[in-house]
Every structure is written in structure tokens, then in C-alpha cells.
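Numbering (our numbering), first residue to last: 223 to 467. Idealized CB from N, CA, C, for every residue including glycine. From a predicted model like this one, the values you see are computed outputs, not experimental measurements. Remarks on the structure that follows.
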Ligand code: NAP
């Protein structure tokens, strides 16, 4: 990853943070986004104390398109070219059909779907300088297989698969690859609130008999960011220990 710069949304915790640490270890420079500047600065300190990586952090609410635009304005002004965009930031709030509020639909789509298109549009303009790039979108097995109580979240993640496949076809002639990663049940803050009975049910559906770690997902993101996957585009790679086969 030496010489490559990755922009990761939702880098303050969970899968985004694990990806930042792993890719820095492998030599990447990083541009890290989330709303929480304290967590981002702590992560930056951790990374630069361990690895010789260049790290820029930007507090950014991805539901505000002008804030993402502002990040790219600053990168472009400093002539920083992004080799890889990881659209990772996301939220999950369960609601069965009759309890779904319009606000939940709006918040979920404004976080999980629209910024994937907004950030990709800005990143591709930036990547055109090198005529090469990799976009990695984090979807979910729920977006592919569905789940009760996850109509809103699941449909937002299904949209991410749709974005990935259309963009992969559109951008292949420009040598920009677009892939998605579909995690199963990964132990992060996103799943921390899930009750014990439901956790057990999920665990029983995993052949490997363990929940995933953020690092399990980070390793697949690293593969898709690196030139090891240079002929791979339009794919959705599951990381779920056999939960869905
Ligand atoms: P997490 O630990 O809750 O982290 C979510 C990240 O998204 C945080 O860094 C958060 O940063 C950021 N974020 C949320 N809203 C944001 C906003 N409006 N603007 C900027 N950043 C925002 O969750 P995770 O499990 O690592 O999830 C990462 C991705 O994987 C998500 O897209 C999720 O849907 C997907 N996924 C997770 C699982 C799982 O089992 N954990 C399974 C399938 C898919 P701040 O709060 O600092 O802004």
C-alpha cells in the first residue's frame, strides 16, 4: 500500500478504525472522516506512533453534502490524489414495518445511501488525475438477504449494492474499480445493543461459531484497496463466517 492514499468515512470506530490501522501498517497514507474529531485525533496519534504513515483527519457529517465537498476542496487544493475511497460510515436502527417513521427512513438514507454517491462523485473527479482508483462500499448481508425489522436498513444496504454494480460498469473504462463488502455479524458499537437471545440465535447460524471482528472485514477491504485485486470489479464479497452461503 506504499504510495497509496485511502479516504475512509466512519473511521472513528469499528470497521473503519480497524481498516485505518491495518492499511497504515501496510504503508498507506490516510484521510479519515467522522463527526467525532476527538476520536479521529486519538486514532491519528495511535497510527503515527506506530507507523510512518501520513494521516489527515476531517470532522465531517456525511449527511451534509457540503461538508464532504469541503473535504475534497481541501484535498484538491493540496494536490492530494485519492487512490481508494472506502464508503464505510453507516447507521442501523431496527424497526418493524408498522413502527417505521419517516424520520428513520430519511436519516438512514441520508447516512447510508446518498453520501455513497456524493463521495464517489467527488472521489472519481479526483482519481481521474491518475486514471486509476478503487471504491469500496460497505453493504451488509441484510441488504442481500433481508431480515425482519430491517426493511429500512436492509433496503439502504441493497441500494449500496445497486450503486456498486452500476458504477463498476460505468467506471471500468476509466480503470476505476468499484466493489462492495458485505459483513455478517461483526462486534462493533453498531451491534453492541443487540439483546442476548438474538445474539445467540445469530451465533447459531454462523458455522465458524464466532462473531466477526472489525479486523476480519478490514483484511478484505485491504485486498480490494490493493493492486492484488486489480482485475476485480463489481463484486460483493461476504465476510460472515458462513452465516450466508
Ligand atoms: P460503528 O462502530 O457504529 O461505526 C460507524 C461509523 O460511522 C463511525 O465511525 C461513525 O462515526 C460513522 N458515522 C455514522 N454516521 C455518520 C455521519 N452522519 N457522518 C460521518 N460519520 C458517520 O459501526 P460498524 O459496525 O463499524 O459499521 C461500519 C459499516 O459496516 C456500516 O456501514 C454498517 O452498516 C456496516 N455493517 C456493519 C455490520 C456489523 O455487524 N457491525 C454488519 C454489516 C454491515 P461518528 O459517530 O464519529 O461520526
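Once DSSP output is grouped into helix, strand and coil, what is the label at residue 323? coil
Mind checking whether the beta-carbon of residue 313 lies closer than 7 angstroms to any heavy atom of ligand 1? yes
For residue 466 versus residue 367, is the C-beta distance shorter than 8 angstroms? yes
Between residue 282 and the rest of its own chain, which residues show a CB-CB distance below 6 angstroms, the 5 nearest in sequence each way excluded? 255, 289, 293
Assigned exposure category for residue 369 - 16 Cβ within 10 Å defines buried: exposed
C-alpha distance - residue 478 paired with residue 275, whole-angstrom precision: Only positions 223 to 467 of the chain appear in this structure, which leaves residue 478 out of reach.
Rounded C-alpha distance that separates residue 250 from residue 278: 12 angstroms
Under 7 angstroms: does the beta carbon of residue 407 sit that close to some heavy atom of ligand 1? yes
Enumerate, from N- to C-terminal direction, the unbroken alpha helix (DSSP H) stretches of 4 or more residues contained entirely within the segment 242-287. 259-272
Comparing C-alpha positions only, which one of 381, 423, 407 sits nearest to residue 339? 381
Within a Cβ cutoff of 6 angstroms, which residues of the same chain sit near residue 318, ignoring the five residues on either side of it in sequence? 371
May I ask you to check if the CB of residue 258 is nearer than 7 angstroms to at least one heavy atom of ligand 1? yes
Take the Cβ of residue 462 as the centre, count every other Cβ of all protein chains shown within 10 Å, and call the residue buried at 16 or more, exposed below. buried
Should residue 242 be listed as close to ligand 1, given that the test is whether its C-beta is under 7 angstroms from any heavy atom? no
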